[in-house]
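Working notes, beginning with the structure itself.
Protein chains: 2
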Amino acid sequence: MNSQKVGILGGGQLGRMMVEAASRLNLEVVILDSPLDAPAKQIESTQEHIAGAFNDETKIRELAGKVDVLTVEIEHVNAGVLSSLEKNGHVVHPSAFTVLTIQDKFVQKNHLVAHGVPVADYMETPDRASVEAAGQKFGYPFMLKSKTMAYDGKGNYVVKSEQDIQPAMEALSKTPLYAEKWAPFTKELAVMVVRRANGEIRSYPVVETIHKNSICHLVIAPAQVDGAVLRRAQAVAENAIKSFPGAGVFGVEMFVLEDESILLNEIAPRPHNSGHYTIEACETSQYENHLRAILDMPLGSTAMKVPASIMVNILGESESMEECYRPCQEALAVDGATIHLYGKKACRAGRKMGHITVVGESMMQTQQRLAPILKAIEPNVERPLTLRPLVGMIMGSDSDLPVMKVGAQILKQFGIPFELSIVSAHRTPLRMVEYAKSAAQRGLMAIIAGAGGAAHLPGMVAAMTPLPVIGVPVKGSSLDGVDSLHSIVQMPRGIPVATVAINNSTNAALLAIRILGASIPGILKQMEDYMEKMEGEVMTKVGKLDNVGWENY
Amino acid sequence: MNSQKVGILGGGQLGRMMVEAASRLNLEVVILDSPLDAPAKQIESTQEHIAGAFNDETKIRELAGKVDVLTVEIEHVNAGVLSSLEKNGHVVHPSAFTVLTIQDKFVQKNHLVAHGVPVADYMETPDRASVEAAGQKFGYPFMLKSKTMAYDGKGNYVVKSEQDIQPAMEALSKTPLYAEKWAPFTKELAVMVVRRANGEIRSYPVVETIHKNSICHLVIAPAQVDGAVLRRAQAVAENAIKSFPGAGVFGVEMFVLEDESILLNEIAPRPHNSGHYTIEACETSQYENHLRAILDMPLGSTAMKVPASIMVNILGESESMEECYRPCQEALAVDGATIHLYGKKACRAGRKMGHITVVGESMMQTQQRLAPILKAIEPNVERPLTLRPLVGMIMGSDSDLPVMKVGAQILKQFGIPFELSIVSAHRTPLRMVEYAKSAAQRGLMAIIAGAGGAAHLPGMVAAMTPLPVIGVPVKGSSLDGVDSLHSIVQMPRGIPVATVAINNSTNAALLAIRILGASIPGILKQMEDYMEKMEGEVMTKVGKLDNVGWENY
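Chains as they are written, first to last, in full-length UniProt numbering: chain A, 1 to 553; chain B, 1 to 553.
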């Protein structure tokens, strides 16, 4: 497919998953890492790999002599050597400049600010006095951070008060430091962005990351946040990556603040833990796209091919391999779960030993599937996930609530995530336009609109969204609801409204559920069960009528 | 995860994909095959593999000495040795009996018939006279087949007349023969069935296979045939596999005849070409489930995780590797396409060099995605695929056709596969029950029902399917259609009908498309485009009215 040989600095799990992708494309890959049985080397027997550190100049030059393109699976490499190799005509992706800029988080921040990327306030803190000044400038708590060699929360210290300054500086004494204003985030998001050697950029869906002890714990794809926030996060990530020369895949971690604005936290110039899910859940994995990008081959689609996915990391609990296999044993019995173990021979607390990706037909189902695996990892922790609504229920006025409430109960009973609000065609026409126009991008799959009298809401919303809109004619004080019914149902050719019976929000909810069920087998099954239960209830009455007789019924 | 070491007889592409699955589970695998760089050995560097033939007794015994469980990636192994090893307490999956029975296709047929599995008539043909007798018994054409060493059409001969007998017997002179009655099939189906060491059985979805020169060319998953046929095929396959002792995954190939009955064609006791698609399209791949099965671990879900998938084999065209890479280069630019190359160093005509699996949000999209890849393989061949309908359109009487036709045109214009038929609630009540009850299993996602007057059809169908049902009130000769409208819309709580305007089958079709679009982004996009076009048309009229003035309009 491509005759250029790839050399990877680092042979851990990220290198391993790159090799997996390379094998499928018949690409040749040589690994530089110390262990002879490094995870990546275990699944590549056609090449003579190099045993040595990925910051050892001689070894890096030896690797460069064997391959056509150099890349990294970790940013803490000897970037100076990469830079010198680049000057001598070697191809290095991402570029040595990019690795150099990113591996020093303070330099990274300066670079991002210079390119207009929003980040939390920060300042250099070469000495105790400047750390104190940071406390005064940013207030407490603030973050004291190592400029270099920081990963998985190592090199970060939350300074809660002036008393913390001394211990913080001692804990981080090995590297130069800088201070960062505390970002009061409501969620953490991440995006994998891939940049081809020719400059083309594609980004994967925005995911939500949940950390445990500062190490990535869960990755929820797609992130269950409003579509507008997702688009903003994607733009921030893409703009940031556009500012770095060279090709490859980049992990961009971000904060969402209370006001839904985005701050970029940090960037990894390589495949990233928050993109593991792409192997099972996307049309092309981050690993394959990294290879395509650095070899200047066409990029693969970054779209999700399944509706939902959650990844959970398998960390060592102790030195016992058995303990870390426990959640994996659990996962064997979970539909949609794929286990990735990295072939590491020694287990220790906090070491990344593998990960499990669970996919499902909906986020509801994926979350349920994940539950027994999570329970094996952290038996006493609840991690409730707020799901993005799939059904939007709106009504022209709060006077319609008594009617609409009955349908809302049905949605709740079926466990369908939904939202319920007032949107009036006549009193809040602009709100209605905004609601209808954004509904599909926000992740809704159907809209239920209740209205009485002139009852314009369902039809007007249907005119501004491609989603199915269900209309509930609400009975007013005159005309028995026939006015609402005719107004809702008699739409002109081109714009349909799915009209249900007068005041029958139950049927509107059931119709929305049937619409979801058309593509989500679990929900179709729920509907079948519901219909069977209804039949059962009538049959019970049949029995009762038979038993007690019609006169005593 | 499991400390038992697995030994595989054969290190080709099937072994390679087994190894890929094994690595992810930290399972140890040793390969027996002649080339030192056999495809499976290329991606496994932690073990000392064995160089030797998979029918070499000494080598098989050497392998057995190194591992806990023996398995095969090809059935043409020395099954006698496997049998002797089994007697000495070695674990062999599938069992030596199963391999022995299946590797002789005549013995396989006898076994299947003895277990009540439907197969085409066949007879043993030890000599010329018996081949002639077969011609008389079965008529021409019939199949003359090698009992052993047959694969990819090799060992089969279509005997079209008595004159063909001599050349057929010469062509197949190396092995004993049997004759088989010609099965006038309309489609070929296949199912992967996995059987765990403890006897548990799960089967993958039924796929359609399309052969070219007797070699598997395309695998369409799920098969685009009626749900009732799929269930029948799955039952035949599962019953067949239940009759074989031992564990593992089995490929079952079947014929569908004109009358929709199923004949089993043949079985492979191992992962199979028709199951490659499971890697990208199912929750657990056939390779991983093969390993789980033989190690007596819980089986993984066999369900599809994407709506549709088509696999195409990459065969060598000549000795040129470039030529076989051509469709792969094409695939790099195709969303949803995953390329699998097997690392084979030498290319030759007809050799399986790799495969490409395309997945998509719908079979329509998947087929469109596949087109440029297929064109690179066979530029002058059209392979039209009949798609399973997604929308069912029914009406109480052919007198409703003029009204319903308009909606049908819309579905056609959007490229939605649909069916249109007459189902009368009052004149064909049992047909209506059958239609409604089977709709979801047949693959429909929405039903449009048109009816006039009493107009019971939409509501009655809705009462017997969990799918969304759209009702079109057809205007009769009296009451202006209000009778139909009220009859359709005023459904009792529990059973919704999505009612559209009187006679407005356009809106019914558009609503069905919106329902599909709720889960299929490509269709949602089509709906957005349609709405934009409508807006454009009105804007053109606005312009015209402005230009020519209202008096001259």
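The beta carbon of each residue, even a glycine, is placed where N, CA and C say it ideally should be.
Asked                                                                                                                                                                    : Found
Given a cut-off of 8 Å, decide if A40 (chain A) and V67 (chain A) are closer than it, judged by their beta-carbon atoms.                                                 : no
What is the residue span of the alpha helix (DSSP H) that M18 (chain A) lies within?                                                                                     : Q13 to R24
Going by beta carbon distance, what residues of the same chain come within less than 6 Å of A38 (chain A), once the five residues before and after it are set aside?     : G11
Let's see if you can read the secondary structure: which residues bound the beta strand (DSSP E) around N265 (chain B)?                                                  : I262 to A268
Out of B:N552, B:P496 and B:S301, which has the shortest C-alpha to C-alpha gap to residue 640 (chain A)?                                                                : Any question about residue 640 (chain A) goes unanswered here, given that chain A covers just 1 to 553.
If we ignore side chains and look at the alpha-carbon of each, how far apart do L70 (chain B) and H49 (chain B) end up?                                                  : 14 Å
Given that a residue counts as buried once 16 or more other Cβ atoms are within 10 Å of its Cβ, and exposed if not, what is S203 (chain B)?                              : buried
Give me the subset of the segment 188–216 of chain B whose CB atoms are less than 8 Å from a CB atom of chain A, sorted by chain position.                               : none
Helix, strand or coil, according to DSSP, for T357 (chain A) in the structure here?                                                                                      : strand
Which chain B residues are close to V306 (chain A), counting only those with a beta carbon under 9 Å from its beta carbon?                                               : K305 and V306
Check distances from the C-beta atoms of the segment 510–544 of chain A to those of chain B and list, in chain order, the residues that come in under 7 Å.               : L510, L511, R514, I515, G517, A518, S519, L524, M527, E528, M531 and M534
Quick one: does P466 (chain A) have its CB under 8 Å from some CB of chain B?                                                                                            : yes
Mind checking which residues open and close the alpha helix (DSSP H) that includes S84 (chain A)?                                                                        : A79 to K87
Which residue marks the beginning of the beta strand (DSSP E) containing N313 (chain A), and which one marks its end?                                                    : A308 to L315
Taking D483 (chain A) as part of the beta strand (DSSP E), name the residues at either end of that continuous run.                                                       : Per DSSP, D483 (chain A) belongs to no beta strand (DSSP E); it is in the alpha helix (DSSP H), V482 to V489.
So, using beta-carbon positions, are I279 (chain A) and I314 (chain A) closer together than 8 Å?                                                                         : no
Give the DSSP-derived three-state secondary structure of I422 (chain A) in the structure shown.                                                                          : strand
Alpha carbon to alpha carbon, what distance is there between L36 (chain A) and G415 (chain B)?                                                                           : 56 Å
Could you work out which residues of chain B lie near E20 (chain A), taking near to mean beta carbons separated by less than 9 Å?                                        : E20, S23, R24 and I43
My output table needs one value for M192 (chain A): the three-state DSSP class, helix, strand or coil.                                                                   : strand
Who are the neighbours of I470 (chain A) on chain B, taking C-beta pairs under 9 Å?                                                                                      : P496 and A498
Measuring alpha carbon to alpha carbon, tell me which residue in A:E330, A:Q286, A:A371 and A:S397 is nearest R196 (chain A).                                            : A:Q286
Looking only at its chain, what residues have a beta carbon closer than 7 Å to the beta carbon of R442 (chain A), apart from the 5 residues adjacent to it on each side? : D226 and G227
Which term fits N88 (chain B), buried or exposed, when burial requires 16 or more other beta carbons within 10 angstroms of its beta carbon?                             : exposed
Please report the straight-line C-alpha distance between K525 (chain B) and A440 (chain A), rounded to a whole angstrom.                                                 : 10 Å
Is E535 (chain B) buried or exposed, if buried means 16 or more other CB atoms sit within 10 Å of its CB?                                                                : exposed
Would you grab the beta carbon distance between V359 (chain A) and G396 (chain A) for me? Rounded to a whole angstrom, and I think it's under 8 Å.                       : Wrong, their Cβ atoms sit about 39 Å apart, outside the cutoff.
Let me make sure I understand the geometry here. Which of B:S309, B:A376 and B:L299 has the alpha-carbon closest to that of E322 (chain B)?                              : B:A376
Shortest alpha-carbon distance to P466 (chain B) belongs to which of B:A436, B:E330, B:D480 and B:L457?                                                                  : B:A436
Please name the residue, chosen from B:I241, B:H111, B:T302 and B:M364, that lies closest to A308 (chain B) on a Cα-to-Cα basis.                                         : B:M364
From this set, B:P327, B:I267 and B:L230, which residue's C-alpha is nearest L374 (chain B)'s C-alpha?                                                                   : B:P327
Just curious, the alpha helix (DSSP H) that H290 (chain A) is in, first and last residue?                                                                                : Q286 to I294
Report the residues of the segment 322–340 of chain B with a CB closer than 9 Å to any CB of chain A, ordered along the chain.                                           : Y325, C328, Q329, L332, A333, V334, D335, G336, A337, T338, I339 and H340
Compare the C-beta of R351 (chain B) against all C-beta atoms of chain A and say whether one is closer than 8 Å.                                                         : no
D37 (chain B) touches chain A at which residues, Cβ-Cβ below 9 Å?                                                                                                        : S45 and T46
Beta carbon of V472 (chain A), beta carbon of A508 (chain A): below 8 Å?                                                                                                 : yes
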